[in-house]
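*Asks:* Here's a structure for you.
Chains as they are written, first to last, in the numbering used here: chain A, 313 to 682; chain B, 313 to 682.
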């Protein structure tokens, strides 16, 4: 039991320190919008602090992976017979964050919140209200639909899943055809990420309602990330996914949805590893897509684009807490080389979904302009 | 620490007893089909035993709610420095089961499996392979789509979510119109249940591929179950849900999908509490639906149906471990009174999803026959 006592002791010390530092924390905490129905915790205050409450009567240690600086997380303290509570040492960045619990050394999700697929597992999620959250809010506007399709994939000998966003009115005007954006998730995520974490459908619904974009379809499928371990992104071979996307999914979508099935009306974008995929596939297949988007997912150079069919637009973005200079420098070089390029830096966000929500919001109005 | 030591002690005693009883357990365990990608546990053997493996190095007690007899669950024993393992004392019923862990007194999900919304929370799920699992298997046949819609609801001042199954070919033949089944989940579940746990879409795809049914649309929405505590079903008032369903959802579906929008081509069915809702709403609105299905969700009597527009079909079902006599007796009385009634009893299943998958498989070919 010595180890357990040592853990309890260190928790008490750290929590005491944290309490002192938190004297300015505003006590206006409200349940996170991602909580399961009826669950009061986790909570978030107006400054962006997150507070957790976990019931584990006989546990010796409960830790939350979310916290300032990333690695340390937030250690909870036992504040009653059965309850562990704790508050982050400082405000978290705006937007969505994945997290999990460590209960007596085991990894579990917070039973208070919904789960989101990230890090190759369903993780807990929390939402820190953002000053610009209106652009992805659920509003009283016409809504598009998100539908699950199962498309045949000979190359992988199975039916594969994708989600297809069709804009409001798609079912009504049966003669209208639409351009298509193929939009990829990041490492460890799957085809649910852009709808669940990213609110891609609500971003589109709102932009369409405001008249800021022409409606288009978004297709989101699985980028086969699980074959790859984190830290080995350079070993990623895009071939098998390229076959699924270009030879199987695109023909299926063009056959089963009212698409404008030419290069001029087809875009590809992706976040993080999905950006790497977009980079490789657009360079390999320049006659398939004409709009390219890398969201925290690398850059293009004029050299690698040289001699190929020119894209109509290149969009490169990242969070200000990533490497914005690299993005801006790459954009400047592409511009000098005569490419139509737009770069975007999301302020005060890192390699997280708020960066990508904002990136989609910036990218969408630039697509399919002609 | 006395309580904790007592718990460890009792776990050891019980596990010892279980080990003796499990001498005939076949060691052909395989990962459950509902595991998260790459996860090896939980596992299931060919006899239907379930085996669990949880990492929790410093925990004093880990229990799984799933087990013989329901209440007791399965207590795990520490079999290494960090690992807790255990096997159910006997084979579980075929099909899907919800469960959760109790780790040092706290309720958590098994990090190895996918989560399913039941008991008003996202719970862990495990699948015991069934002898008849072929009818809901993912096969190389044309697949329909399941789409999320957000429909405006004035009565609840929000946009509400529903899932709509459209059969294969829906997008291709743009003149064809379809009948609609409104299909409700049970208490503590939500509009995701029939697709995720029930595989309603795959059941339909397979029946259509075999030519056993005429294609129809299925609409699944939230029955507002959270207002209600378990054990208080009799206090349930259907009015607010009836307004959402009949006055808001049905007109929205008829306006946005290619439906045959008359009574003769509209069915309602539900499982458990969804059956109670079906019972009430079909009796209140006999001119809206012409096919009624109660799946482990009560019965109709000739008296309550008397004097109303007659349904084309009444379908009543339950598992053999529920109260099949009540279902069969009710069907006999309805038949005597001149109603077209079909009853179905799912063999060797209880108040669980295998009963309802089989019920949908029996019900679907009976719908919209003319």
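In this text, a Cβ means the ideal position worked out from N, Cα and C, and glycines have one as well.
In this text the structure is predicted, and so the values were computed from the model without any measurement.
Rounded to whole angstroms, what is the Cα-Cα separation between residue 353 of chain A and residue 378 of chain A?
*Replies:* Residue 353 of chain A sits at position 41 when you count from the first residue of the first chain. Residue 378 of chain A sits at position 66 when you count from the first residue of the first chain. Whole-angstrom Cα-Cα distance: 14 Å.
*Asks:* Residue 347 of chain B by DSSP, collapsed to three states: which one?
*Replies:* For this step, residue 347 of chain B is matched to residue 35 along the second chain. Correct three-state label for residue 347 of chain B: strand.
*Asks:* Anything in chain A within Cβ reach of residue 462 of chain B, meaning under 7 Å, just list it in chain order.
*Replies:* Indexing the second chain from 1 puts residue 462 of chain B at position 150. What residue 462 of chain B touches in chain A: 455.
*Asks:* Output the distance between the C-alpha atoms of residue 428 of chain B and residue 503 of chain A, rounded to the nearest integer angstrom.
*Replies:* Numbered from its first residue, the second chain carries residue 428 of chain B at position 116. Numbered from its first residue, the first chain carries residue 503 of chain A at position 191. If you take the alpha carbons of residue 428 of chain B and residue 503 of chain A, they lie about 18 Å apart.
*Asks:* With distance defined between alpha-carbon atoms, name the residue in A/567, A/675 and A/355 nearest to residue 399 of chain A.
*Replies:* For the purposes of this step, residue 399 of chain A is taken as the residue at position 87 of the first chain. Checked all of A/567, A/675 and A/355; the closest Cα to residue 399 of chain A is A/355.
*Asks:* Against chain B, with Cβ distances strictly below 8 Å, would residue 483 of chain A count as a contact?
*Replies:* By one-based count along the first chain, residue 483 of chain A stands at place 171. With 8 Å as the cut-off, residue 483 of chain A counts as an interface residue toward chain B.
*Asks:* Pull the bridge partners of residue 434 of chain B from the DSSP assignment, please.
*Replies:* As a working note, residue 434 of chain B is residue 122 in the second chain. Per DSSP, B/429.
*Asks:* Are any of the Cβ atoms in chain B nearer than 8 Å to that of residue 499 of chain A?
*Replies:* Position 187 of the first chain, counted from the first residue, corresponds to residue 499 of chain A. Not closer than 8 Å to any Cβ of chain B, the Cβ of residue 499 of chain A fails to qualify, so no.
*Asks:* Could you work out which residues of chain B lie near residue 489 of chain A, taking near to mean beta carbons separated by less than 8 Å?
*Replies:* Residue mapping note: residue 489 of chain A aligns to position 177 of the first chain, counting from 1. Per Cβ cutoff of 8 Å: no residues; residue 489 of chain A is ~12 Å from chain B at best.
*Asks:* May I have the straight-line CA-CA distance separating residue 472 of chain B from residue 426 of chain B, to the nearest angstrom?
*Replies:* Counting from 1 along the second chain, the entry for residue 472 of chain B is found at position 160. Counting from 1 along the second chain, the entry for residue 426 of chain B is found at position 114. Near 25 Å, if we compare the C-alpha coordinates of residue 426 of chain B and residue 472 of chain B.
*Asks:* On the three-state DSSP scale, how would you describe residue 507 of chain B?
*Replies:* Mapped onto the second chain, residue 507 of chain B falls at position 195. Helix, per DSSP.
*Asks:* Determine the burial state of residue 618 of chain B: buried for a count of at least 16 other Cβ atoms within 10 Å of its Cβ, exposed for fewer.
*Replies:* For the purposes of this step, residue 618 of chain B is taken as residue 306 along the second chain, with counting starting at 1. Under this definition residue 618 of chain B is an exposed residue.
*Asks:* In the DSSP assignment, find the unbroken beta strand (DSSP E) run with residue 409 of chain A in it and report its ends.
*Replies:* To locate residue 409 of chain A, count along the first chain from 1; it is residue 97. Element bounds for residue 409 of chain A: 407-411.
*Asks:* If we cut at 8 Å on Cβ distances, does residue 390 of chain A have a partner in chain B?
*Replies:* Locating residue 390 of chain A in the first chain gives position 78, where the first residue counts as 1. Not an interface residue.
*Asks:* Is the number of C-beta pairs between the region 506-513 of chain A and the region 666-675 of chain A that are closer than 8 Å three or more?
*Replies:* Taking 8 Å as the limit for Cβ pairs, the verdict is that the region 666-675 of chain A does touch the region 506-513 of chain A.
*Asks:* Is residue 331 of chain A helix, strand or coil by DSSP?
*Replies:* As a position in the first chain, residue 331 of chain A is number 19, starting the count at 1. Since pLDDT at residue 331 of chain A reaches only 40, below the 50 mark, its modelled position is unreliable, and the value read off the structure follows with that caveat. Residue 331 of chain A falls in the helix class under three-state DSSP.
*Asks:* Terminal residues of the continuous beta strand (DSSP E) containing residue 655 of chain B?
*Replies:* Taking the second chain and counting its residues from 1, the one referred to as residue 655 of chain B is at position 343. Its beta strand (DSSP E) spans residues 653-658.
*Asks:* Report the CB separation of residue 584 of chain B from residue 498 of chain B in whole angstroms; it is logged as a contact under 8 Å.
*Replies:* In the second chain, the residue the question calls residue 584 of chain B occupies position 272. In the second chain, the residue the question calls residue 498 of chain B occupies position 186. So it is a contact: roughly 3 Å between Cβ atoms.
*Asks:* Is it buried or exposed for residue 423 of chain B, if we count other Cβ within 10 angstroms and need 16 for buried?
*Replies:* Within the second chain, the letter at position 111 stands for residue 423 of chain B. Under this definition residue 423 of chain B is a buried residue.
*Asks:* Tell me whether residue 677 of chain B sits in a helix, a strand or coil according to DSSP, three-state version.
*Replies:* For the purposes of this step, residue 677 of chain B is taken as the residue at position 365 of the second chain. Residue 677 of chain B: helix per DSSP, three-state reduction.
*Asks:* Name the DSSP bridge partner or partners of residue 388 of chain A?
*Replies:* To locate residue 388 of chain A, count along the first chain from 1; it is residue 76. In the DSSP output, where bridge partners are listed per residue, residue 388 of chain A has none listed.
*Asks:* Using a beta-carbon distance below 8 Å, is residue 512 of chain A in contact with chain B?
*Replies:* Position 200 of the first chain, counting from 1, holds the residue named residue 512 of chain A. Judged by the 8 Å Cβ criterion, residue 512 of chain A is not in contact with chain B.
*Asks:* Whole angstroms is fine: what's the gap from residue 482 of chain A's alpha carbon to residue 680 of chain B's?
*Replies:* Indexing the first chain from 1 puts residue 482 of chain A at position 170. Indexing the second chain from 1 puts residue 680 of chain B at position 368. Roughly 27 Å separates the two Cα atoms.
*Asks:* Measuring only between beta-carbons, confirm whether residue 486 of chain B sits less than 8 Å from chain A.
*Replies:* One-based indexing of the second chain puts residue 486 of chain B at position 174. Residue 486 of chain B counts as touching chain A.
*Asks:* What are the complete beta strand (DSSP E) segments, minimum 3 residues, inside the region 463-506 of chain A?
*Replies:* As far as the region 463-506 of chain A is concerned, its whole beta strand (DSSP E) runs of at least 3 residues are 470-478 and 492-496.
*Asks:* Could you pull out every residue in the same chain whose Cβ sits closer than 7 Å to the Cβ of residue 395 of chain B, ignoring the five residues on either side in sequence?
*Replies:* For the purposes of this step, residue 395 of chain B is identified with residue 83 of the second chain, where counting begins at 1. 365 and 367.
*Asks:* Of all the CB atoms in chain B, is at least one closer than 8 Å to the CB of residue 603 of chain A?
*Replies:* Locating residue 603 of chain A in the first chain gives position 291, counting from the first residue. So no, residue 603 of chain A is outside the interface.
*Asks:* So for residue 619 of chain A, helix, strand or coil by DSSP?
*Replies:* One-based indexing of the first chain puts residue 619 of chain A at position 307. Coil.
*Asks:* Helix, strand or coil for residue 365 of chain A, going by three-state DSSP, please let me know.
*Replies:* As a working note, residue 365 of chain A is residue 53 in the first chain. DSSP places residue 365 of chain A in strand when its eight states are reduced to three.
*Asks:* Is the Cβ of residue 688 of chain A closer than 8 Å to any Cβ of chain B?
*Replies:* Residue 688 of chain A lies beyond the stretch modelled for chain A, which goes from 313 to 682, so this question has no answer here.
*Asks:* Do residue 447 of chain B and residue 458 of chain B come within 8 Å of each other at the CB atom, strictly closer than that value?
*Replies:* Taking the first residue of the second chain as 1, we reach residue 458 of chain B at position 146. Taking the first residue of the second chain as 1, we reach residue 447 of chain B at position 135. Cβ atoms of residue 458 of chain B and residue 447 of chain B: not closer than 8 Å.
*Asks:* Considering only residues of the same chain and omitting the five flanking positions on each side of residue 391 of chain A, which have a CB-CB separation below 8 Å?
*Replies:* Walking along the first chain from the start, residue 391 of chain A turns up at place 79. Within the same chain, residue 391 of chain A has close Cβ partners 397.
*Asks:* With distances taken Cα to Cα, identify the nearest neighbour of residue 653 of chain A among A/612, A/532, A/663 and A/621.
*Replies:* By one-based count along the first chain, residue 653 of chain A stands at place 341. The shortest Cα separation from residue 653 of chain A among A/612, A/532, A/663 and A/621 belongs to A/612.
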